[in-house]
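Engineer: For the sequence shown, my numbering gives the first residue as 5, with consecutive numbering after it.
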Amino acid sequence: EPAEKKKVEKSCDEVYFRRHVTLLMDRLGLSGEPEAKHLKVEVYLTENEVKTLQKFRERSSSGDIYDVDHIVANMIKSKELFTPPVYHFWENVKEVSRDIRDPLIVLCLVVCLAYVLVFSTRYFSIRKILFVFCIGCVGWHWL
Numbered sequence: 005e006p007a008e009k010k011k012v013e014k015s016c017d018e019v020y021f022r023r024h025v026t027l028l029m030d031r032l033g034l035s036g037e038p039e040a041k042h043l044k045v046e047v048y049l050t051e052n053e054v055k056t057l058q059k060f061r062e063r064s065s066s067g068d069i070y071d072v073d074h075i076v077a078n079m080i081k082s083k084e085l086f087t088p089p090v091y092h093f094w095e096n097v098k099e100v101s102r103d104i105r106d107p108l109i110v111l112c113l114v115v116c117l118a119y120v121l122v123f124s125t126r127y128f129s130i131r132k133i134l135f136v137f138c139i140g141c142v143g144w145h146w147l
C-alpha cells in the first residue's frame, strides 16, 4: 500500500506540474514552433498570495491547492520581447557630454569673467571694478 500511495501522490504532483507548465507556456506564447525566446515578464503577487504559496511549499496545508492553482494561473501580468540596448558612438558621446556639462559651463563663465575683467581695466580703475564687484556679490547673496 505505501508504494501505491507514493505512486498516486507522484502522479498527482506530475499532473499538477504538467498543468502548470502548460499554463505557463500558453501565457508566455511558447506553444508554437520551438524557437529561442528572450522575454521580460511582469509577475505580480499580493502579500496573501505569497503567504499561500509559502504554505503550499511547506506542505503544511493541502487544502490550498485551489488557491495555489488560481495564483499560478494569474500571476503573470504582462510579457514582452526583450531587446538588449544597442550602444553607438553617439550614445556614448551624449552620455559623456551630460557628465561634463556642469563643469564646462563653470569653465566658460570663468573665462568670460576673466575676459570682462581684463577688458574693463582699460576703461575703469581697479577701485571702480572692485566696488561694482562687491555690490554685485552682495546683491547676488541677498536677492
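Backbone N, C-alpha and C fix where the C-beta goes; we use that ideal spot for every residue, glycine too.
These numbers come from a predicted model, not from an experiment.
(1) Buried or exposed: which applies to F123, given that a residue is buried once 16 or more other Cβ atoms fall within 10 Å of its Cβ?
(2) Using the three-state DSSP reduction, which class does E62 fall into: helix, strand or coil?
(3) Flag this pair as touching only if the segment 68-86 and the segment 107-121 have three or more C-beta atom pairs under 8 Å; answer yes or no.
(4) If we ignore side chains and look at the alpha-carbon of each, how far apart do L27 and G36 end up?
(5) Is the beta carbon of K81 closer than 9 Å to that of E46?
(6) What is the DSSP secondary structure of T82, counted as helix, strand or coil?
(7) Starting from E1 and walking both ways along the beta strand (DSSP E), at which residues does that stretch end?
(8) Near L49, which residues of its chain fall below 8 Å by C-beta distance, leaving aside the five closest residues on each side in sequence?
(9) What did DSSP end up calling E49 once you bin it into helix, strand or coil?
(10) So, is F60 buried or exposed, given that buried needs 16 or more other C-beta atoms within 10 angstroms?
Structural biologist: In brief:
(1) exposed
(2) helix
(3) no
(4) 14 Å
(5) yes
(6) Reading the sequence as shown, one finds Ser at residue 82 and not Thr. Three-state result, S82: strand.
(7) Nothing can be reported for residue 1: it is not among the residues displayed for the chain, which extend from 5 to 147.
(8) L57, I75, M79
(9) At residue 49 the sequence reads Leu, which differs from the Glu that was named. Three-state result, L49: coil.
(10) buried
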